[in-house]
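Protein chains in written order, with the numbering used here: chain C, 8 to 139; chain R, 8 to 139; chain G, 8 to 139.
Where a beta carbon is used, it is the ideal one built from N, C-alpha and C, also for glycine.
Each remark here refers to the structure printed beneath this line.
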Amino acid sequence: MRELTVTTDRHTQLLDITSQVRDAVGGASGAAVLVYVPHTTAGLTINEHADPLVARDFEMAMEKIVAEGWGWQHIEEGEENAPSHPRASLMGPQVLIPLRDDGELALGTWQGIFFCEFDGPRTRSVYVTVLA
Amino acid sequence: MRELTVTTDRHTQLLDITSQVRDAVGGASGAAVLVYVPHTTAGLTINEHADPLVARDFEMAMEKIVAEGWGWQHIEEGEENAPSHPRASLMGPQVLIPLRDDGELALGTWQGIFFCEFDGPRTRSVYVTVLA
Amino acid sequence: MRELTVTTDRHTQLLDITSQVRDAVGGASGAAVLVYVPHTTAGLTINEHADPLVARDFEMAMEKIVAEGWGWQHIEEGEENAPSHPRASLMGPQVLIPLRDDGELALGTWQGIFFCEFDGPRTRSVYVTVLA
Chain C
8 MRELTVTTDR HTQLLDITSQ VRDAVGGASG AAVLVYVPHT TAGLTINEHA
58 DPLVARDFEM AMEKIVAEGW GWQHIEEGEE NAPSHPRASL MGPQVLIPLR
108 DDGELALGTW QGIFFCEFDG PRTRSVYVTV LA
Chain R
8 MRELTVTTDR HTQLLDITSQ VRDAVGGASG AAVLVYVPHT TAGLTINEHA
58 DPLVARDFEM AMEKIVAEGW GWQHIEEGEE NAPSHPRASL MGPQVLIPLR
108 DDGELALGTW QGIFFCEFDG PRTRSVYVTV LA
Chain G
8 MRELTVTTDR HTQLLDITSQ VRDAVGGASG AAVLVYVPHT TAGLTINEHA
58 DPLVARDFEM AMEKIVAEGW GWQHIEEGEE NAPSHPRASL MGPQVLIPLR
108 DDGELALGTW QGIFFCEFDG PRTRSVYVTV LA
C-alpha cells in the first residue's frame, strides 16, 4: 500500500489525481489497482478529465443533490459539514481499475481519477494498492 | 467467503458493522477486504461512526434524494419499496478496504463500515472476502 | 481481462448484462470478479432483474436526481450530455462480485448486473477481470 498526499483549495473540489496514481503503481504487476480515501467527507470517482468544466459541473451538481438546508442533526462546533458526509458516500470511498497486461491502468480515453473534496480546503491522504 | 447476518429495525437504517467485518477477517493475510450485500434494497457505505447523528442524517438524506412520490412503476403486492432500489444502488452493493501489512483494515480514524437498509426491518446477509 | 461489447438503444437505459458477465468469467477460479466500464457517461450497478420495471424506475430516478436544467458548463458542440457525467459517477464505474467456491458469481436471488447508459444510443465496452 502506497500513500499519496493531496491538497485541496476549495470547500467542494474535484481534483485530477490520475498521474499521481499512475506513478504510485509504477508498473507493478497485478490484476487491478485499488484507490481508497481514509476520510469521511471526501470520496473518489472516475470521469472525464479532458474538459475541466466537467469537474466544475460535478461540484455544482453534488451541492444540489445534497442540499445545505435539509435540517441536519450532525453539528460540530465551528464546522458546518453535515452535507459533506453523504456527498462523499455518493461518490464512494474507493475506485478499482483493471490493469492491462502491460501494467498500464485500463482507463478509457476520456477517463481520469478524481479526488472529490467535500469539506476543504484540507490536506488529505489517498491509499493505492495493487491487487493480484 | 464468510457470511454475516445483520438484523435491521427500521425502514431506512444505517447500521455500523465495522467490528463484525473485522472479526470475519480475523487477521487473514491479503491486500484488501471485499464486503458485499446480496440484496437489491440494501447497500454498503463507509462514513463517520463517531457521532451516530451522521448515520441519522444519511437516512434523512437518502429519503430526500430519492423521493416516495415520483410515480414509480415497480409495484409489489403489499410492498411499497420501489424507491428502495435506487437508494441501495446509490450507496452501492460493495465496499473494498485495503489491508495494512499487520492485517488490520486500513480504515481512517473516523471511518466505520455501514450496512444501509432501505426496506427494513429485515434479516440480511453480508459477505466478507479477502483478496490477495 | 476480457472485453464485452454492449449496444444501447435509448438515451438513458439500464441493460441487464448478467449472463454476458457470467460467460466471460466462464468458471475461472478466483476470489472476485471486477466489472468495469471505460466510459465517462455510463456506469454499472447491481439491482433487481426479475421485474424489468425496476430498471425503468432507475432510468426515471437518475434523470430526476441530476436534472437537465441545472446550468451546466460542459457544452460539446452537437451534444447535450453534461448531466450524463454525474449520473454515471453516481452509479459508479465498477462493481465487484465475490466468487463462490464452485466458481459461480455470489449474486443474491434477485440481483442482476446492469450496464447503465446515460448518453445513448451507443456501442460500449465492458471489461471483466477475475481477482485472486
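Skipping 5 residues on each side, what residues in its chain have a beta carbon closer than 6 Å to that of residue i?
i, result
"G:Met98", "Gly50, Thr52 and Cys123"
"G:Pro105", "Ala39 and Ala113"
"G:Arg25", "Before going on, a small fix: residue 25 of chain G reads as Thr here, not Arg. Same-chain partners within the cutoff: Gly119 and Ile120."
"R:Val73", "Pro90, Pro93 and Arg94"
Would you grab the beta carbon distance between residue i and residue j for me? Rounded to a whole angstrom, and I think it's under 8 Å.
i, j, result
"C:Val135", "C:Leu11", "6 Å"
"R:Gly119", "R:Asp23", "5 Å"
"C:Ala68", "G:Trp117", "Wrong, their Cβ atoms sit about 30 Å apart, outside the cutoff."
Under DSSP, the alpha helix (DSSP H) around residue i begins and ends at which residues?
i, result
"G:Ser26", "Thr25 to Val32"
"G:Pro105", "G:Pro105 -> not in any alpha helix (DSSP H); beta strand (DSSP E) instead, spanning Gln101 to Pro105."
"C:Ala49", "Unbroken run through C:Ala49 is the beta strand (DSSP E), Ala49 to Glu55; no alpha helix (DSSP H)."
"G:Leu60", "Leu60 to Ile72"
"C:Leu97", "Ser91 to Met98"
Can you tell me the Cα-Cα spacing of residue i and residue j, whole angstroms?
i, j, result
"R:Pro90", "C:Pro93", "17 Å"
"C:His81", "C:Ala62", "27 Å"
"R:Tyr43", "G:Val102", "10 Å"
"C:Asp64", "G:Glu70", "16 Å"
"G:Asp157", "G:Phe121", "The structure shown has nothing for residue 157 of chain G, since chain G only spans 8 to 139."
"C:Glu75", "R:Glu83", "34 Å"
"C:Ala35", "C:Gly110", "7 Å"
"C:Gly37", "R:Ala57", "35 Å"
"G:Arg9", "C:Arg29", "22 Å"
"C:Ser96", "G:Leu41", "20 Å"
"C:Glu55", "G:Gly85", "18 Å"
"G:Val32", "C:Asn88", "43 Å"
"R:Ala139", "G:Gly115", "24 Å"
"C:Pro59", "R:Trp79", "35 Å"
"R:Pro100", "C:Pro100", "13 Å"
For chain R, is any of its Cβ atoms less than 9 Å away from the one on residue i?
i, result
"G:Val99", "Position check: residue 99 of chain G holds Gly in this sequence, whereas Val was assumed. Yes, because at least one Cβ of chain R sits closer than 9 Å to the Cβ of G:Gly99."
"G:Ala39", "yes"
"G:Ala74", "no"
"G:Gln20", "no"
"G:Thr48", "no"
"G:Thr52", "yes"
Which residue marks the beginning of the beta strand (DSSP E) containing residue i, and which one marks its end?
i, result
"G:Arg131", "Thr130 to Leu138"
"G:Ala39", "Ala39 to Tyr43"
"R:Arg9", "Arg9 to Thr14"
"G:Glu124", "Gln118 to Glu124"
For chain C, find out if any of its Cβ atoms is closer than 9 Å to the Cβ of residue i; answer yes or no.
i, result
"R:Phe65", "yes"
"R:Ser35", "Here the sequence assigns Ala to residue 35 of chain R, which means Ser is not the residue at that position. No, R:Ala35 lies away from the interface with chain C (no Cβ there is under 9 Å from its Cβ)."
"G:Pro105", "no"
"R:Glu124", "no"
"G:Ala113", "no"
"R:Val13", "no"
"R:Val61", "yes"
"R:Asp108", "yes"
Verify the CB distance criterion: does residue i have a CB-CB separation below 9 Å to chain G?
i, result
"R:Gly78", "yes"
"R:Ala89", "yes"
"R:Ile82", "yes"
"R:Ser26", "no"
"R:Met8", "yes"
"C:Asp16", "no"
"R:Ala57", "no"
"C:Thr136", "no"
"R:Val44", "yes"
"R:Ala31", "no"
"C:Met133", "First, the amino acid is wrong: residue 133 of chain C is Val here, not Met. No, C:Val133 does not count as interfacial toward chain G."
"C:Thr116", "yes"
Note down, in chain order, each residue of its chain lying with its Cβ closer than 7 Å to the Cβ of residue i, except the 5 sequence neighbours on either side.
i, result
"R:Gln20", "Glu66, Glu124 and Gly127"
"G:Arg129", "Thr15"
Give every residue of the same chain whose Cβ lies closer than 8 Å to the Cβ of residue i, excluding the five residues on either side of it in the sequence, and list them in chain order.
i, result
"G:Gln27", "Leu11, Val13 and Val133"
"R:Arg131", "Thr12, Val13, Thr14, Thr15, Val44, His46, Ala49, Phe122 and Glu124"
"G:His18", "Glu124, Phe125, Asp126, Gly127 and Pro128"
Identify the contact partners of residue i in chain A, using a Cβ-Cβ distance below 7 Å as the criterion.
i, result
"R:Ala68", "Among the protein chains in the structure shown, which are C, R and G, there is no chain A."
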